[in-house]
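Below is one structure, written out as structure tokens, with a few remarks after it.
Residue numbers (our numbering): 4 to 430.
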């Protein structure tokens, strides 16, 4: 009897040891990543965001600063265009700055508390912690979460896949899916620097409303990318398998196993990922210096900038229409009105949901960046940042200013219409 008892105790001990040495649970990973992503005094992120919501994929460079408790600067610029837009949160409030138009809008808003985005590490950590039903899969090199989104796109883009590198415990990419589990947004992290805390004065709006040349000089002079003790300590611990000198300073590119997992997941969602995988492999070989300078010195950027100026000068532009799969909603009237500064176009939709879209050429401000108060909250549409209220949304893109008004649409539906706008033909 004693012999059987001894054997039983040994077996139980072995099981406990195996359990202790086994894989981390979902809760353990969430706890560890949340602590790592939010404990630092601040961070910087460089990422590439690919948006496919209108069918035609477009890429944007995203540059993020965050310093605790509530200082943010997010800069978004489309690849191949010499234009950018920034959203800044400082002691005075929330500002949206568009340097090419010399415009600055000020909001009384709690952004980004109720509008998480995949490129904000602290918001991403909150997303994972808030979703108790989130699923986690584990591969050799990554933890892959499927969790709910928590932003003003959440009804049309309800879920996200978050890929976390096992070695660094930092995100390598985020894929946002629509209701049909189709990929709509992909964020690929190129560099993450933890512990980069800037001064409050570094977030002064005035520093980002100068000419592009002066702004670049100011940012170069003020930016200190030296990581804190934590990053330096990890840097001294050794190189990662891709030859990077730190774990936290640079995220590892997707491993072959991650790609295989993603392809399998994409098959389940009936997606085609061949072109995207190729793009990732290309991006993996692109240096940070190349990323930092791409799109600023090419002929395409010059042509795009010139086209924007031409559009703003002559007021002529091609009408944009929403791509919507809504039943019992149709375009009833289309009209235009000649204004002093160009043509103003009107589209009226009626049915179960009625709304009006107004389009006109962008008006470049005469004076430099005098902040204009804007009602509502910033609306991050991915490709640009607009302003949203309970019954309207407004934004500028491609040299055109848009305004949508409706008593029938929710905020989520206003954003859905805005995100679906394409030019050239009635959809």
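Every residue, glycine too, gets a C-beta built ideally from N, C-alpha and C. It should be emphasised that the depicted structure is a prediction, and the values quoted were computed from it without experimental measurement.
Item, Value
"Starting from the C-beta of residue 365, find all residues in its chain whose C-beta is less than 7 Å away, skip the five residues before and the five after it, and write them out in chain order.", "104, 315, 399, 402, 403 and 404"
"Decide if the stretch 68–87 is in contact with the stretch 166–183; the criterion is three or more beta carbon pairs, one per stretch, under 8 Å apart.", "no"
"Quick check on residue 123: buried or exposed, where buried means 16 or more other Cβ atoms within 10 Å of its Cβ?", "buried"
"When you compare each of 425, 416, 412 and 203 to residue 68 by their alpha carbons, which one comes out closest?", "203"
"Could you check the C-alpha separation between residue 425 and residue 193 for me, to the nearest Å?", "29 Å"
"Please state whether DSSP places residue 417 in a helix, a strand or coil.", "helix"
"Name the residue from 332, 380, 188 and 160 whose alpha carbon lies nearest to the alpha carbon of residue 394.", "380"
"Would you report the Cα separation of residue 152 and residue 120, rounded to the nearest angstrom?", "8 Å"
"With the cut-off set at 7 Å, would you say residue 351 and residue 330 are in Cβ contact?", "no"
"Nearest-angstrom Cα distance between residue 148 and residue 62?", "24 Å"
"Go to residue 37, then tell me how far its alpha helix (DSSP H) extends in each direction, as first and last residue.", "29–42"
"Mind reading off the beta-carbon distance from residue 441 to residue 48? Whole number of angstroms is fine, and I expect it under 8 Å.", "Any question about residue 441 goes unanswered here, given that the chain covers just 4 to 430."
"Indicate the three-state DSSP secondary structure (helix, strand or coil) for residue 175 in the structure shown.", "strand"
"Residues in its own chain within less than 6 Å of residue 376 by CB, not counting five upstream and five downstream?", "109"
"For residue 50, does the three-state DSSP call read helix, strand or coil?", "strand"
"Considering only DSSP beta bridges, list what residue 381 is partnered with.", "390"
"Just to confirm, are residue 51 and residue 191 a CB contact at a threshold of 7 Å?", "yes"
"Under a Cβ-count criterion, where at least 16 other Cβ atoms within 10 Å of its own Cβ denotes burial, should residue 416 be classed as buried or exposed?", "buried"
"State the Cα-Cα distance for the pair residue 86 and residue 27, rounded to the nearest angstrom.", "44 Å"
"Take residue 59 and list the residues in its own chain whose beta-carbon comes closer than 8 Å to its own, dropping the five residues that flank it on each side.", "425"
"Hey, is the stretch 35–43 in contact with the stretch 158–173, meaning 3+ C-beta pairs nearer than 8 Å?", "yes"
"Anyone know if the C-beta pair for residue 422 and residue 162 falls short of 7 Å?", "no"
"Residue 411: which of 353, 111, 207 and 74 sits nearest, CA to CA?", "353"
"Which of helix, strand or coil does DSSP assign to residue 432?", "Examination of residue 432 is not possible in this model, given that the chain is present from 4 through 430 alone."
"To which residues does DSSP link residue 345 through a beta bridge?", "342"
"Between residue 390 and residue 358, what straight-line distance do the alpha-carbon atoms span, to the nearest angstrom?", "17 Å"
"My understanding is that residue 342 touches residue 363, with C-beta atoms under 8 Å, so please give their C-beta distance in whole angstroms.", "7 Å"
"Is the beta carbon of residue 118 less than 7 Å from the beta carbon of residue 154?", "yes"
"Helix, strand or coil: which one does DSSP assign to residue 320?", "coil"
"Any idea what DSSP makes of residue 422, helix, strand or coil?", "helix"
"For residue 333, count the other beta carbons within 10 Å of its own beta carbon; 16 or more makes it buried, fewer makes it exposed. Which is it?", "exposed"
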